[in-house]
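Q: Residues 58 to 835 in the working numbering are what the first sequence lists, from first letter to last.
Here it is, the structure in full.
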Amino acid sequence: MKIAKVIVDVPLMQTDKAFSYAVGQEFSELIEPGMRVHLPFGTGNRLVQGIVVEVLEQSEQLENLKTIAELLDPEPVLTPEQLWLADEMRHSVFSYKISCLKAMLPNLLNSNYDKLLRASDGSSSKWSELTEAQKIASAKAVRAGEISIEYLAKSKENRKIEKYLSVPDLDKLAQFEIEKRAKKRLELKYFLLRLNQEKIALKTLDFSTQIIKFFVEHDLVKIEEVEISRTKEKFAAIQSDQAKQLNAEQTQAFEKIIHNPERTFLLEGITGSGKTEVYLQTIDHFLKKGQTAIMLVPEISLTPQITNRFIARFGDKVAIMHSGLSDGEKYDEWRKIKSGQAQVVVGARSAIFAPVENLGIIIIDEEHESSYKQDSSPRYHARDIALLRAKWHGAALLLGSATPSLESRARAMRGVYDLLLLTKRANEAAILPEIQVVDMRQEISDQSTNFSQTLLQKIKEKIEKNEQIILMLNRRGYSSFVMCRECGFVVDCPNCDISLTLHMDTRTLNCHYCGHVQGIPQTCPNCQSRKIRYYGSGTQKVEEELHKILPEARVLRMDVDTTRTKNAHEKILDKFGKHEADILLGTQMIAKGLDFPNVTLVGVINADTGLNLPDFRASERAFELLMQVAGRAGRADKKGEVIIQTFNPNHYAIQLTKAQDYEKFYEKEMAFRKELSYPPYYFTVQVLISHQNEEIVIQKAYEIAQLLRQNLTTKAKILGPTARPIARTHNLFHYQILVKYRFEEQLENALNQVLELTQQRENKNLRVLIDSEPQNFV
DNA sequence: CCTAGTGCACCA
DNA sequence: GGTGCACTAGGT
């Protein structure tokens, strides 16, 4: 008899282990690790989905095991490599194994559970389709025994199928007599004869099903179901292109990578140095060897500009995975990869789990981006997964950036990674942009405007020359807070310790943390004064200001609020690319990966946002962002100009952006990290503790800190507990502990003990999150 | 002594 | 998460 070890889809600590199930005779031949199954679980024997991680042959009859109810897959949906990855992940990602496994599957394969409510009269309804009131009524009826419950654990898998018509025997069709008055039948006959055996999609035919049926019944045509890719049309529209000539530096990088295919490389290249061309050619090299490739791009820059380059070069060998796709589209791409049809995967963070076989190279572009770390459970870093996968396959790993993260650069300096430098712009004619820093303290004390004279002048100049401008303002909404001039009262979110942001389009005050929305008060809630004023500028306000100062300028605004709908992102960029607007105004999402040759001016309205955040990476982030946005200026033959407005003109992140000196920044920042024992000199783990009651959080946070101190060596530095910078959100108080360490054998063990603590009943409402190498402290 | 309500351990 | 079960308080 066979026994299957299964991880059940019940994400809880007590069920976070493999359960043994008997395999019935009917599945015995088929079952394999990596398949999804349905099984009876718990006292009610409700059907639960699970993933088989191991199949054992058991000669003697084991004690009464339950039996697997259903096999959901004809073949494994997870590879042995992915099962191994889930094991490895758990050493650093403090999450349930089932969560790790599910992170590797497209959503469609992660089944949703629904309850089918059966009334005594035989009628039934689905729980998920009921209104809140109906749910309550049904729940009562269930208790009264009037309604019984059935659990549905149904897979949502749906392949998009298209029906195709084909003619198996042309002669037979030609000789087949059709009566003259059957005009439509005759029409179809001659149409098919003209097609000459070519397949045709049923939906493109303008014949009724009756007519088609007649032909099928007489064996004249065959109908085939073909699984189609939802993204096919998009691919067909893109023109293919050829490899470009590499310059000396690019060639050197390329050669090094292909001759050391088991190494990790850090490709450091200034904007416009042609990193993408190196990526394309190295991928091509591995494809020619019969291998596959994964290319990661930050979600935000996963624009058509980037993806089209890959499609143009590799055609239908490419699978694209990003969050803009529907579940169905994601599933299609996943199938393409799984079946081996696609050998190049281009995608955001989660694409690192793509089920490719025989991996030759993994590329992570803009490797410094913090979005490569997932900020919800399982909190994995794509770079860490990439290292594991590269190890498994003996594949090359290429990290690319103009401003590498200090962690990666430090590793390259120690020889852990090989450093490859691109110091010249690929297009020789293109010169680096000129960067000017405007000290906003020196500007006329008129606080009502966001534009310095210098910036305004330049904008006008560029518009006259019919060139385009990108303006970045890292704050969305209209005003960042609303304050009473009379008593200083600021309108705060009732659930969070943060002021509400004014949104003019909807005329509401919004909380950017919990989503709370309320109206704008006419009088001060505190002193009833009418002197309510708006302070701080967001993209909406700056847009309005631009309309006032430069009514002739056409402005496009791009931020979370204008890109919420599907493809909105794409449409805005497309419009700007066609020069249907002069100014693209946006939050940091406009800084990444855009390439508009006609943009000759980049303006940073306020470089200070983020600079003074209580986060040791604040300077690094600011520097990266400014360097990146500066790189948007003058990418073709026109010289670019960058104007940075700031109240901190002497801050080193701003000074070194002006000098465009990564090297100097690296040195300076490393010295600071060394002095304060931060990464890359130390590793970090953050423990976040939340509860509705502030006293309880504080008390528990101290208990946890104590537990950590007891288990770790004195070399580990434990900071805190301290209140988070925004101490309360969603009506919960948040405290944090930061552990800085180098070598701590007992760390994993200690952190697991912390998690076990939360299982105790007295800590029921306590929320404890463990984040290894946290990226955001605010 | 019965019963509705709540807390709790366990799930193969 | 969901379930049966033990325990408890309050009613008859």
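Every residue gets a Cβ at the ideal spot worked out from N, C-alpha and C, and that includes glycine.
Do Leu642 and Arg614 have their CB atoms nearer than 8 Å?
A: yes
Q: Whose C-alpha, out of Ala610, Pro490, Leu478, is nearest the C-alpha of Glu518?
A: Ala610
Q: How far does the alpha helix (DSSP H) with His626 in it extend, from its first residue to its last?
A: 625-634
Q: Check each candidate in Thr815, Ser77, Leu166, Gln832 and name the one with the smallest Cα separation from Glu464.
A: Taking only the C-alpha atoms, the option nearest Glu464 is Gln832.
Q: With three or more beta-carbon pairs closer than 8 Å as the criterion, would you say the segment 454-470 touches the segment 726-745?
A: yes
Q: To the nearest angstrom, report how far apart His342 and Val335 are at their CA atoms.
A: 11 Å
Q: Three-state secondary structure (DSSP) at Gln232?
A: Helix, per DSSP.
Q: Identify which residue in His569, Lys649, Trp449, Ser434 has its Cα closest to the Cα of Ile419.
A: Trp449
Q: Just to confirm before moving on: does the CB-CB distance between His95 and Ala126 stay below 8 Å?
A: yes
Q: Using 10 angstroms around the beta-carbon of Trp391, count the other beta-carbons present and answer buried if the total reaches 16, otherwise exposed.
A: buried
Q: Between the Cα of Pro782 and those of Tyr792, Ala773, Leu776, spot the shortest distance and give me the residue it belongs to.
A: Each of Tyr792, Ala773, Leu776 was checked against the Cα of Pro782, and the nearest Cα belongs to Tyr792.
Q: Going straight from the alpha carbon of Ser212 to that of Glu89, what length do you get?
A: Low confidence applies to Ser212: its pLDDT is 45, below 50, so where it sits in the model is not reliable, and the reading given next is rough at best. Their Cα atoms are separated by approximately 19 Å.
Q: Counting only the same chain and skipping the five closest in sequence on each side, list residues whose C-beta sits under 6 Å from that of Pro133.
A: Glu89, Gly91, Met92
Q: What would DSSP say about Arg824, mapped onto helix, strand or coil?
A: strand
Q: Can you tell me where the alpha helix (DSSP H) holding Gln597 begins and where it ends?
A: 596-606
Q: Give a yes or no on whether the C-beta atoms belonging to Pro163 and Lys393 are separated by under 8 Å.
A: no
Q: Report the option in Lys346, Val835, Leu826 whose CA atom is closest to the CA atom of Ser434.
A: Leu826
Q: Could you tell me the distance, in whole angstroms, from the CA atom of Thr786 to the CA atom of Cys550?
A: 9 Å
Q: What is the DSSP secondary structure of Ser434, reduced to helix, strand or coil?
A: coil
Q: Would you identify the three-state DSSP class for Met378, choosing helix, strand or coil?
A: Three-state DSSP puts Met378 in a strand.
Q: Where does the unbroken beta strand (DSSP E) through Ile488 begin, and where does it stop?
A: For Ile488, no beta strand (DSSP E) segment is defined, and its DSSP state is neither H nor E.
Q: Just to confirm, are Glu319 and Gly534 a CB contact at a threshold of 8 Å?
A: No; because the gap between Cβ atoms is not below 8 Å, this pair is not in contact.
Q: What do you get for Ala294, buried or exposed, if any count of 16 or more other CB atoms within 10 angstroms of its CB means buried?
A: Within 10 angstroms of the beta-carbon of Ala294 lie fewer than 16 other beta-carbons, which makes it exposed.
Q: Using beta-carbon positions only, say whether Cys571 and Cys544 come within less than 8 Å of one another.
A: no
Q: Measuring straight from C-alpha to C-alpha, what distance separates Cys568 and Asn750?
A: 21 Å
Q: Which word fits Ala716, buried or exposed, when buried means at least 16 other C-beta atoms lie within 10 angstroms of its C-beta?
A: exposed
Q: Here's a check: name, in chain order, each residue in its chain whose Cβ is nearer than 7 Å to the Cβ of Leu243, leaving out the five neighbours to either side.
A: Result list for Leu243: Ile235, in chain order.
Q: Using three-state DSSP, classify Tyr153 as helix, strand or coil.
A: Looking at Tyr153 - three-state DSSP - the assignment turns out to be coil, as it is neither helix nor strand.
Q: Straight-line CA distance for Glu214 to Asp475?
A: A caution first: Glu214 carries a pLDDT of 48, below 50, which makes its placement in the model too unreliable to give a value.
Q: So, is Ile606 buried or exposed, given that buried needs 16 or more other C-beta atoms within 10 angstroms?
A: exposed
Q: Kindly list the residues whose CB is nearer than 8 Å to the CB of Lys696, restricted to its own chain and excluding five residues on each side of it in sequence; keep chain order.
A: Ile488, Pro490, Glu491, Thr657
Q: Who are Asn567's beta bridge partners in DSSP?
A: Thr558, Val574
Q: Assuming contact is defined by CB atoms lying nearer than 8 Å, are Gly688 and Ala459 in contact in what I supplied?
A: yes
Q: Would you mind stating whether Ser536 and Gly595 have Cβ atoms separated by less than 8 Å?
A: yes
Q: Would you grab the beta carbon distance between Asn806 and Asn768 for me? Rounded to a whole angstrom, and I think it's under 8 Å.
A: 7 Å
Q: Out of curiosity, what's the CA-to-CA distance linking Leu713 and Glu627?
A: The straight-line gap from Cα to Cα measures roughly 33 Å.
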